[in-house]
Amino acid sequence: MSSQPKFASADPRLAVLDRQFRLLIDGKMVSSSQTFDVFNPANNAVIAQAPDGTVDQVEQAIQAAKRAFKSWSRLSADERADYVTRYANALEARKEELAALLTLEQGKPFHSMATGEVDASIYWVREVAKRRLEPEVIEDTDEHVVEVHHTPLGVVGAITPWNFPVLLGLWKIAPCLLTGNTMVLKPSPYTPLTSLFFGEIAADIFPAGVLNIVSGGNDIGQYMTTHNDIAKISFTGSTATGQKVMQSGACNLKRITLELGGNDAAVVLPDAEWRSIIPTLFDAAFGNSGQWCIAVKRLYVHSSIHSEFVKAFVEYAQSKRVGDGMDSSTDLGPIQNKMQYNKLLSLFKDTREKGYKFALGGEIDESQAGNFVPVTIVDNPPEDSRIVKEEPFGPILPILSFDDVEDVIQRVNDTSFGLAGSVWGGDRQKAIDVAKRIEAGTVWVNEIHIHGIDIPFGGHKMSGMGVENGHEGLCEFTNSKTYMFRK
Ligand code: NAD
């Protein structure tokens, strides 16, 4: 354990680190007996210590949430919405600090991705507060009335990953609390600071126990998934961990929402206006340095335009700068952690050793202090190569060639993942026909990465279970309860 770092730098954004990060349990900010180091991925310097929450502390958080549920669940939806809206306002007032912290612990560029993630998250909290799950009248006859109500579940355990720690945390908090549940949230040990920071803000808003935030290792996540006082787990992370969550959640038949990995394909048909979509496709593949569940991870381009497309894509990609996210000239930040960086080293090595053709990049300079990986494009590797079959979660993209629509649909669907996909073509109806045959939870046509409060989002196959957002997403935080009243 090293001591709390102090920065001599004049950059005022670093002031957000000059605090003790603490857990939020039962309305109080508390320390833990142990801490762990949090690193800045742009230079691997320790920037803070996060409390290493103990099993006892998670237990206290769960019991606090259970006590708070009694009164919180009995408030009206409007009363709860008022708290959630006040939370959005309080976050808004601290958004610069939150965005700086996000860049410092996650790596994404402050001026674009980090600010964008924080703004979108606050918008989400504010808008979700306006949604309601009204009772539905199924029958109203002379004899009786049948109504379906949506009742809260109880204590929800939220477990989040390190790629979008602010957005994915607040996506869970707002609908969970609005619908009358209470929560214990456990962020990824790689990016705990932003969650602890928005916990600090929540401490002044919500009644004690309604929202609890406990950072720590994977063990406390596992403890939550096996706890009989937790009614639901809302999990975002890898498919392998999602499978474990589902297994342990069986103990009390927990409700489970799983938002997992993906290997999304984009299909560019021969009649697409392909030159104009290159910037959009670049951002869709390389935004957040490819550390995105719905990043384009396989790009299929028709053989009649493939070589020209690769050339133009590479030219565009060469204008992008990889660097420290605090620097305003940076387009793409570092890889968030060494575990992921090492996975990429292995994938790059495999791609080199197999002799696949790099159209750009291909060599990671390991002498750099930060986890920097260059933008890398692999020209038409075999369909069964690791770079096509695996989710790289980094700035490396295979651009594949296809001749025939039937063949590309088969290749796109030949995966256990089913998160999202996109089709690009001049003939809109033809593109829609292809989109309809892609096995995924979301498929875009001539646009990509559109999300909305009212748009359900979730994966098919091994990319997940259930959805977040939309009416369905809200319903997943409730039980359906049927009342019948004789007149
Ligand atoms: P991960 O599965 O390693 O970790 C996610 C969270 O689970 C962390 O908080 C971790 O501490 C916790 N955890 C680990 N083991 C656990 C266990 N046995 N029980 C309970 N909790 C446990 O995932 P990651 O590496 O942090 O995130 C990257 C993955 O997340 C990628 O596969 C990516 O595609 C996926 N992801 C999916 C979405 C989506 O919406 N579908 C969004 C973002 C990321």
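Numbered according to my numbering, the sequence shown spans residues 98 to 584. We treat Cβ as the ideally placed atom computed from N, Cα and C, and that holds for glycine.
Starting from residue i and walking both ways along the beta strand (DSSP E), at which residues does that stretch end?
i	result
Glu244	241-249
Val540	539-542
Glu356	352-356
His568	Careful: His568 lies outside any beta strand (DSSP E), inside the alpha helix (DSSP H) at 567-572.
Gln146	142-148
Arg586	The question about residue 586 has no answer, for the chain in this structure spans 98 to 584.
Quick one: residues in its chain with C-beta nearer than 7 Å to the C-beta of residue i, no 5 flanking neighbours on either side, listed in chain order?
i	result
Glu565	Trp268, Thr354, Glu356, Phe554, Gly555
Trp371	Val365, Ile402, Phe406
Ser577	Val245, His247
Arg229	Ala174
Ile375	Ala409, Phe410, Tyr413
Quick one: what does DSSP say residue i is sitting in, helix, strand or coil?
i	result
His557	strand
Ser170	coil
Pro192	Before going further, note that residue 192 is Lys rather than Pro in the sequence given. Reduced to three states, the DSSP call for Lys192 is helix.
Gln344	helix
Ser285	coil
Met423	coil
Phe104	Confidence in Phe104 is poor, its pLDDT being 48 and thus under 50, which makes the residue's placement too unreliable to answer from.
Ile317	helix
Val307	coil
Ile375	helix
Val39	There is no way to answer for residue 39, as the model of the chain reaches only from 98 to 584.
Tyr453	coil
Leu114	helix
Phe332	strand
Asn137	strand
Phe514	strand
Val152	helix
Phe499	strand
Lys394	strand
Thr182	helix
Ala466	coil
Ile327	coil
Assuming residue i contacts residue j under a Cβ cut-off of 8 Å, what Cβ separation, rounded to an integer in Å, is found between them?
i	j	result
Arg191	Leu274	In fact, because the Cβ distance is near 19 Å, the residues do not count as touching under 8 Å.
Thr336	Met559	5 Å
Phe455	Val475	6 Å
Pro286	Gly313	7 Å
Gln437	Gly491	7 Å
Ala142	Phe133	Actually they do not touch by this definition, with Cβ atoms about 15 Å apart.
Leu264	Glu214	5 Å
Lys205	Ala211	5 Å
Could you name the residues of the same chain whose beta carbon sits closer than 8 Å to that of residue i, not counting the 5 residues immediately before and after it, in chain order?
i	result
Arg525	Val542, Asn543
Ser426	Arg418, Gly420
Leu444	Arg483, Ile484, Glu487, Pro489, Gly491, Ile493
Lys550	Correcting the residue identity first, residue 550 is Ile in this sequence and not Lys. These residues qualify, in order along the chain: Trp221, Glu224, Val225, Arg228, Asn566, Gly567.
Along the chain, where does the alpha helix (DSSP H) that runs through residue i open and close?
i	result
Ser404	403-414
Asn439	435-450
Glu233	Where Glu233 is concerned, there is no enclosing alpha helix (DSSP H), although the beta strand (DSSP E) it sits in stretches over 233-237.
Met581	Where Met581 is concerned, there is no enclosing alpha helix (DSSP H), although the beta strand (DSSP E) it sits in stretches over 575-583.
Val215	212-225
Asp368	Looking at the DSSP string, Asp368 is not in any alpha helix (DSSP H), and its letter there is neither H nor E.
Ser292	290-300
Arg508	502-510
Lys533	525-533
Considering only residues of the same chain and omitting the five flanking positions on each side of residue i, which have a CB-CB separation below 6 Å?
i	result
Gly254	Val281, Met321, Ile327, Ile330
Ala185	Ile219, Val222, Arg223
Gly518	Asp361, Ala362, Ile535, Ala537, Val540
Gln203	Thr288, Gln433
Ala105	Annotation note: pLDDT 47 at Ala105 (below 50); position unreliable, coordinate value reported separately. No residues qualify anywhere along the chain.
Gly296	Leu121, Ile310
Given 6 Å as the limit, tell me if residue i has its C-beta closer than that to any heavy atom belonging to ligand 2.
i	result
Asn360	Ligand 2 is absent from the structure shown, which contains only ligand 1.
Segment contact, 8 Å Cβ cut-off, at least three pairs: the segment 407-421 with the segment 504-515: no
Between the segment 309-328 and the segment 344-353, do three or more beta carbon pairs fall short of 8 Å? yes
The segment 443-462 touching the segment 168-187, judged by at least three CB pairs closer than 8 Å: no
Evaluate contact between the segment 299-319 and the segment 456-467, counting only Cβ atoms and requiring at least three cross-stretch pairs below 8 Å. no
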